[in-house]
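What follows is a set of notes on a single structure, which appears directly below.
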Ligand code: DAH
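Numbering (full-length UniProt numbering), first residue to last: 1 to 356.
Given below as structure tokens:
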């Protein structure tokens with residue numbers, strides 16, 4: 001019986017000291033396994049007389065149960081401790097600020113500038129309009145009072161698609177002005193639209209890319225005159241460049257689809273080679289505009305005796321470069337991620353009219 005007592009103390013102490021599940025399993029085998037210490041004592045039972053065997057047998061069984069349940073408990077404790085350690089090790093601190101996501105996309109300055117222009121004119125009551133990049137001769141030229149012999153139709157300027165069965169050739173639109181035509185054909189005045197989009201010309205050098213962007217504006221009703229044009233465009237440049245005052249001037253110009261036609265300049269300074277908009281004694285051309293030509297109205301089925309209005313067209317790259325200090329036009333379309341990271345806008349963090 002002393003043997004049993006000694007073994008109980010020994011095994012239970014071992015169980016308590018086991019540091020992990022593997023050590024515990026070794027202890028189980030060394031006590032209860034086939035060649036284990038308790039199993040070994042069982043074998044002595046055969047040599048005992050019945051009274052002794054009963055007493056010894058009961059004590060041994062009790063020891064076996066006790067050891068088994070001690071092993072179970074220790075196993076549970078070790079498993080809990082292991083889980084606890086893992087949970088602590090893997091805990092996420094949800095209060096840490098997130099790392100800037102390097103793989104997050106940026107908004108291209110062209111998209112950003114289009115959004116700004118559309119929202120500024122949107123505030124003035126202009127609706128967004130769009131037209132196809134592939135145009136026909138009528139919408140891109142004829143209806144805009146550009147006669148067949150006009151230089152804009154020459155091969156070096158315009159991208160022509162292969163001749164169709166009827167001998168006509170579609171073009172990649174050379175400006176956004178065809179959206180004026182499509183709008184006047186499909187809507188009854190009053191019309192107020194702003195139409196941004198891609199435009200194409202067979203031209204490529206420092207200041208020209210074969211694909212670029214323009215935005216077209218058109219207002220048609222019965223009374224709109226040149227004063228409205230001036231007020232509207234002045235309001236636009238002040239809001240776009242975020243300036244309280246901007247000197248502007250209108251130079252007489254020529255476009256086949258407007259009469260009179262003008263180019264709008266904004267005041268700037270170029271002192272020390274640095275361009276500053278809104279002050280100084282220099283001028284910078286930013287857009288073309290004019291009163292819609294009676295022939296254009298007529299080509300769209302509107303009576304020029306009844307309707308009138310103004311139109312304007314502006315290069316988006318150019319005014320994006322001016323506002324955001326982007327020096328080289330060609331970089332807009334190089335698809336260089338470093339450039340985009342530098343000049344692009346973080347989504348949800350873009351400047352707008354309300355937040356500046
Ligand atoms: N379509 C002209 C161009 O591509 C720009 C333009 C000038 C548009 C005057 C207009 C306008 O609507 O009135 O150069």
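Glycine included, every Cβ here is placed at the ideal spot set by N, Cα and C.
The structure presented is a predicted model; accordingly, all values stated were derived computationally and were not measured.
- CA nearest to the CA of residue 218, picked from 311, 77, 18 and 78: Indexing the chain shown from 1 puts residue 218 at position 218. Residue 311 is the option with its Cα nearest to residue 218.
- Task: Could you tell me whether the region 123 to 137 touches the region 163 to 171, where touching means 3 or more Cβ pairs closer than 8 Å?
- Result: yes
- Could you tell me the distance, in whole angstroms, from the CA atom of residue 91 to the CA atom of residue 85? The residue given as residue 91 occupies position 91 in the chain shown. The residue given as residue 85 occupies position 85 in the chain shown. Between residue 91 and residue 85, the C-alpha separation is close to 10 Å.
- Task: Check residue 369 in the structure and name its three-state DSSP category.
- Result: As displayed, the chain neither begins before 1 nor continues past 356, which places residue 369 out of reach and without an answer.
- Rounded straight-line distance, which links the Cα of residue 12 to that of residue 64: Within the chain shown, the letter at position 64 stands for residue 64. Within the chain shown, the letter at position 12 stands for residue 12. So the alpha carbons of these two residues sit roughly 11 Å apart.
- Item | Helix, strand or coil at residue 228 [DSSP, three-state] | Locating residue 228 in the chain shown gives position 228, counting from the first residue. Residue 228 falls in the helix class under three-state DSSP.
- Item | Contained alpha helix (DSSP H) runs [length at least 4] in the region 67 to 96, N- to C-terminal order | none
- Task: Give every residue of the same chain whose Cβ lies closer than 7 Å to the Cβ of residue 106, excluding the five residues on either side of it in the sequence, and list them in chain order.
- Result: On the chain shown, position 106 is the one that residue 106 refers to. Hits under 7 Å: 340, 341, 344, 345 and 346.
- Task: Taking only heavy atoms of ligand 1 into account, decide whether any of them is closer than 7 Å to the Cβ of residue 202.
- Result: Numbered from its first residue, the chain shown carries residue 202 at position 202. No, the beta carbon of residue 202 sits no closer than 7 Å to any heavy atom of ligand 1.
- Message: Is residue 216 a contact residue of ligand 1, with contact defined as CB to any heavy atom under 7 Å?
- Response: One-based indexing of the chain shown puts residue 216 at position 216. Yes, since a heavy atom of ligand 1 falls inside the 7 Å radius drawn around the Cβ of residue 216.
- Query: Is any heavy atom of ligand 1 found at a distance shorter than 7 Å from the C-beta of residue 258?
  - Reply: Translated into the one-based positions of the chain shown, residue 258 becomes position 258. Under cutoff, so the answer is yes.
- Item | Completely contained alpha helix (DSSP H) runs for the region 289 to 335, where each covers 4 or more residues | 294 to 299 and 316 to 324
- Which residues DSSP lists as bridging residue 172, in chain order: Taking the chain shown and counting its residues from 1, one reaches residue 172 at position 172. BP columns for residue 172 point to 134.
- For residue 213, name the three-state secondary structure that DSSP assigns. Stepping through the chain shown from its first residue, residue 213 is reached at position 213. Three-state DSSP puts residue 213 in a strand.
- Stretch pair the region 223 to 235 + the region 316 to 336: three plus CB contacts closer than 8 Å: no
- Query: Shortest alpha-carbon distance to residue 215 belongs to which of 73, 127 and 176?
  - Reply: Along the chain shown, read from residue 1 onward, the residue named residue 215 stands at position 215. For residue 215, the nearest C-alpha among the options comes from 176.
- Backbone CA spacing between residue 100 and residue 112 [nearest angstrom]: For the purposes of this step, residue 100 is taken as residue 100 along the chain shown, with counting starting at 1. For the purposes of this step, residue 112 is taken as residue 112 along the chain shown, with counting starting at 1. Those two C-alpha atoms are separated by around 21 Å.
- Task: For residue 252, write down the residues that DSSP places opposite it in a beta bridge.
- Result: The residue you call residue 252 lines up with position 252 of the chain shown. In the DSSP output, where bridge partners are listed per residue, residue 252 has 262.
- Determine the contact status of residue 126 and residue 181, defining contact as a CB-CB distance below 8 Å. Here residue 126 is taken as the residue at index 126 of the chain shown, counted from 1. Here residue 181 is taken as the residue at index 181 of the chain shown, counted from 1. Taking 8 Å as the Cβ cut-off, residue 126 and residue 181 do not qualify as a contacting pair.
- Along the beta strand (DSSP E) that carries residue 199, what are the first and last residues, could you check? As a first step, residue 199 must be located in the chain shown, where it is residue number 199. Start and end: 191 to 200.
- Best match in 287, 202, 246 and 140 for proximity to residue 263 [C-alpha to C-alpha]: Numbered from its first residue, the chain shown carries residue 263 at position 263. Closest option to residue 263, Cα to Cα, is 287.
- Task: Assign residue 115 to one of three DSSP states: helix, strand, or coil.
- Result: To locate residue 115, count along the chain shown from 1; it is residue 115. If DSSP states are grouped into helix, strand and coil, residue 115 belongs with the helices.
- Task: Report the option in 309, 7 and 166 whose CA atom is closest to the CA atom of residue 41.
- Result: Numbered from its first residue, the chain shown carries residue 41 at position 41. Nearest option by C-alpha distance: 7.
- Message: Is residue 232 near ligand 1 - that is, is its Cβ less than 7 Å away from at least one heavy atom of it?
- Response: Here the question's residue 232 lines up with position 232 in the chain shown. Incorrect: residue 232 has no Cβ contact closer than 7 Å to ligand 1.
- Message: Rounding to the nearest angstrom, what Cα-Cα distance links residue 328 and residue 318 in this structure?
- Response: Locating residue 328 in the chain shown gives position 328, counting from the first residue. Locating residue 318 in the chain shown gives position 318, counting from the first residue. Each residue's Cα considered, the two are about 10 Å apart.
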